[in-house]
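Engineer: My questions will all concern the structure given below.
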Amino acid sequence: MCGIYLDYQSASPVDPRVHEFMERYLSCDFGNPSALHSRGLAARAALEEARTKVAELINAEGPENIIFTGGVTEANNLAVRGVAQRNAGIGKKLLASSIEHISVLNPLKGLLKSGYELALVPVDSTGIIDLAQLESLISKETILTSVMYANSDIGTIEPIREVSDMVHERGMYLHVDATAAAGKIPLDVQKEGIDLLTLSSNDLYGPQGAGALYVKPGVRIQPVLFGGGQERGLRAGTENLYAIAGMGEAARLASLEKAIESSRLQAIRDGLIKEILTIEQSYLTGHPTLRLPHHASFRFSRIEGESILLTMDAMFNIQVSTGSACSSRTLEPSHVLLAIGLKHEQAHGSMVMTLGKENNPDQIPAIVNAVRKTVDRLRALSPL
Ligand code: PMP
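Take a look at the structure:
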């Protein structure tokens with residue numbers, strides 16, 4: 002049997018059309034966008050073309066509102082630390098949902114040493130932010146609130162418009178990590194009232210090594226990396242033109258194709274959820290309907306997610322995840338699963354499937370069969 006890849010969220014292949022588009026920026030059009038000669042001007046034009054394509058994906062006011070970075074972790078750090086440091090004179094209170102990615106939570110926690118205060122807003126058992134708690138925690142000194150568009154461990158989509166209204170009634174800026182949502186569901190920073198939004202290239206089938214931060218006109222932010230004045234002075238360093246050009250093309254293709262591709266993936270996802278939930282003591286994690294179209298996440302009692310992942314890989318050549326790839330090597334349960342109220346032993350039995358271009362409905366029986374056999378086998382071996 003050919004392998005079946007179900008971990009698109011931790012890494013995706015580069016779309017062949019993007020790959021072809023990018024190639025010339027490694028060979029012929031490799032110039033430095035800051036150089037004044039013709040090669041530099043051509044590189045500058047390619048950079049600006051990518052900026053326009055990314056701006057269009059999220060309906061930004063203009064391309065100048067997109068700042069390219071070396072990845073989404075860097076973009077999240079720039080959003081959090083750049084806003085906090087620039088607006089410290091107004092207030093030092095920071096808010097975030099308890100299920101933010103560690104690339105948001107860790108820079109926020111890092112600011113505590115400099116006198117900032119951080120409060121985490123709880124979520125319910127499906128991962129939806131508690132709006133009443135959010136409202137009670139926001140004050141005039143709250144300079145930044147960070148709530149992700151959708152969660153990568155459980156697929157839940159947050160009510161961003163309502164969050165935005167609440168944030169802007171009393172607080173200052175809303176930052177939204179849209180890594181998991183971009184290219185899967187429509188994003189509109191103007192309609193949703195978002196001040197800062199972060200995007201990853203690879204999650205759009207672009208190359209690794211590029212990310213972007215949208216900064217709404219008028220938002221006060223300062224750089225966290227210092228050097229040359231690239232990217233409106235907000236991200237110093239020669240631009241990674243090859244990766245950025247690829248990210249732009251990936252964003253263009255996502256704008257055109259996401260509606261059709263997402264409904265195709267949603268049908269496969271629904272088939273998987275329906276079948277996998279027939280396994281005894283299996284549960285869906287995250288929201289049953291307000292979830293990303295390509296995302297199916299489960300927990301199984303009495304077995305460990307790592308054993309599921311390794312057995313599925315070794316015996317069936319099917320690659321799944323246990324949750325956040327970035328922290329999975331720690332063998333700690335995902336902080337997201339604990340935040341939705343699961344006990345440690347429940348959170349340990351988690352399995353996440355994220356679907357992508359190479360998946361099709363014909364794979365459903367093989368995947369379900371592999372999960373069923375894996376769960377049976379591990380439970381038979383389990384001392385629990
Ligand atoms: N935010 C979210 C929601 C993520 O899922 C991830 C991981 N894919 C990141 C940020 C960080 O991504 P990277 O490690 O590629 O910078």
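Residue numbers (the numbering used here): 2 to 385. Where a beta carbon is used, it is the ideal one built from N, C-alpha and C, also for glycine. Please read these numbers as outputs of a predicted model, since none were measured by experiment.
Quick one: Cα of GLN231 to Cα of ILE245, how far?
Structural biologist: One C-alpha to the other measures close to 14 Å.
Engineer: Using DSSP with H/G/I as helix, E/B as strand and the rest coil, what is GLU101?
Structural biologist: Looking at GLU101 - three-state DSSP - the assignment turns out to be coil, as it is neither helix nor strand.
Engineer: Between ALA182 and the rest of its own chain, which residues show a CB-CB distance below 6 Å, the 5 nearest in sequence each way excluded?
Structural biologist: TYR150, ALA151.
Engineer: Taking the C-alpha atoms as reference points, what is the distance between ASN88 and PRO218?
Structural biologist: So the two alpha carbons sit approximately 16 Å from each other.
Engineer: Return yes when the C-beta of ASP178 is under 6 Å from any heavy atom of the ligand PMP, and no when it is not.
Structural biologist: Yes; taking the cut-off as 6 Å, the Cβ of ASP178 has a heavy atom of the ligand PMP nearer than that.
Engineer: What do you get for GLY4, buried or exposed, if any count of 16 or more other CB atoms within 10 angstroms of its CB means buried?
Structural biologist: Exposed, by the Cβ-count rule.
Engineer: I'd like the list of long-range same chain contacts for ASP196, defined as Cβ closer than 6 Å, with 5 residues on each side in sequence excluded.
Structural biologist: The answer, listed in chain order, is TYR174, LEU175, LYS217, VAL220.
Engineer: Measuring from the CB of ALA181, is there a heavy atom of the ligand FMN at a distance below 6 Å?
Structural biologist: Absence of the ligand FMN is noted for the structure shown, with the ligand PMP being the only ligands found.
Engineer: Span of the alpha helix (DSSP H) holding HIS336?
Structural biologist: Residues 336-340.
Engineer: Below 8 Å on the Cβ atoms is my contact criterion, and I expect ILE274 with LEU285 to pass it. Report the Cβ-Cβ distance as a whole number of Å.
Structural biologist: The Cβ separation is near 6 Å, so the contact holds.
Engineer: Okay, do the segment 355-369 and the segment 256-270 touch, 3+ Cβ pairs below 8 Å being the bar?
Structural biologist: Flag = yes, the segment 355-369 and the segment 256-270 touch.
Engineer: In terms of alpha-carbon separation, which member of ARG373, ALA12, GLY83 lies closest to GLN223?
Structural biologist: Closest option to GLN223, Cα to Cα, is GLY83.
Engineer: Evaluate ASN203 with the Cβ neighbour count: other Cβ atoms within 10 Å of its Cβ, from every protein chain shown; 16 or more gives buried, anything less gives exposed.
Structural biologist: Buried: at least 16 other Cβ atoms inside 10 Å.
Engineer: For MET354, which three-state DSSP category applies?
Structural biologist: Of the three classes helix, strand and coil, the one that applies to MET354 here is strand, per DSSP.
Engineer: Put LEU175 into one of helix, strand or coil per three-state DSSP.
Structural biologist: Strand at LEU175.
Engineer: Compute every distance between the C-beta of HIS102 and the non-hydrogen atoms of the ligand PMP, then say whether any falls below 6 Å.
Structural biologist: Under cutoff, so the answer is yes.
Engineer: At what residues does the beta strand (DSSP E) containing ARG300 begin and finish?
Structural biologist: 296-301 is the extent of the beta strand (DSSP E) around ARG300.
Engineer: Tell me whether SER153, by its Cβ, gets closer than 6 Å to a heavy atom of the ligand PMP.
Structural biologist: Flag set: Cβ of SER153 near the ligand PMP.
Engineer: Use the C-beta contact count for PRO17: other C-beta atoms within 10 angstroms, 16 or more gives buried, fewer gives exposed.
Structural biologist: Per the 10 Å Cβ criterion, exposed.
Engineer: Going by DSSP in three states, LEU197 sits in which element: helix, strand or coil?
Structural biologist: DSSP places LEU197 in strand when its eight states are reduced to three.
Engineer: Can you give the beta carbon distance from VAL105 to LEU200, rounded, assuming they're within the 8 Å contact cut?
Structural biologist: About 14 Å; that fails the 8 Å criterion.
Engineer: Heavy atom of the ligand PMP less than 6 Å from the Cβ of GLY72, yes or no?
Structural biologist: Result yes, Cβ under 6 Å from the ligand PMP.
Engineer: Determine the DSSP secondary structure at GLY212, reduced to helix, strand or coil.
Structural biologist: GLY212: strand per DSSP, three-state reduction.
Engineer: Give the DSSP-derived three-state secondary structure of ASP125 in the structure shown.
Structural biologist: Residue state, collapsed to three classes: coil.
Engineer: Closer than 6 Å by C-beta to ARG373: which residues in its own chain qualify, once you throw out the five before and the five after it? Chain order, please.
Structural biologist: Contacts found: ILE280.
Engineer: Hey, GLY238 and GLY249 are a contact pair by Cβ (cut 8 Å); roughly how many whole angstroms apart?
Structural biologist: 18 Å between Cβ atoms; not a contact.
Engineer: Return helix, strand or coil for GLU118, following the three-state DSSP convention.
Structural biologist: Strand.
Engineer: Could you tell me the distance, in whole angstroms, from the CA atom of LEU145 to the CA atom of LYS259?
Structural biologist: Near 30 Å, if we compare the C-alpha coordinates of LYS259 and LEU145.
Engineer: My assumption, with CB atoms under 8 Å, is that GLN191 sits in contact with GLU276. Please give the rounded CB distance.
Structural biologist: About 40 Å; that fails the 8 Å criterion.
Engineer: Which runs of the alpha helix (DSSP H), 4 residues or longer, sit entirely within the segment 5-39?
Structural biologist: Those alpha helix (DSSP H) runs which fall completely within the segment 5-39 and span 4+ residues are 17-24.
Engineer: I want to know whether the segment 163-171 touches the segment 130-140 - three or more CB-CB distances under 8 Å.
Structural biologist: Yes, the segment 163-171 touches the segment 130-140.
Engineer: Determine the DSSP secondary structure at THR180, reduced to helix, strand or coil.
Structural biologist: DSSP places THR180 in coil when its eight states are reduced to three.
Engineer: Do you know whose CA, among PRO366, SER153, SER99, lies nearest ILE8's CA?
Structural biologist: Note that residue 8 is Asp in the sequence shown here, rather than Ile. It is SER153.
Engineer: Less than 8 Å between the CB atoms is what I'm expecting for LEU338 and VAL321, so what's the real figure, rounded?
Structural biologist: LEU338 to VAL321, Cβ: 15 Å. No contact.
Engineer: Is it the case that the Cβ atoms of GLN108 and VAL81 are separated by a distance below 7 Å?
Structural biologist: Looking at the sequence shown, residue 108 is not Gln but Pro. Yes, Cβ-Cβ distance for PRO108 and VAL81 is below 7 Å.
Engineer: Alpha carbon to alpha carbon, what distance is there between SER99 and ILE158?
Structural biologist: Rounded to whole angstroms, ILE158 to SER99 spans 14 Å at the Cα level.
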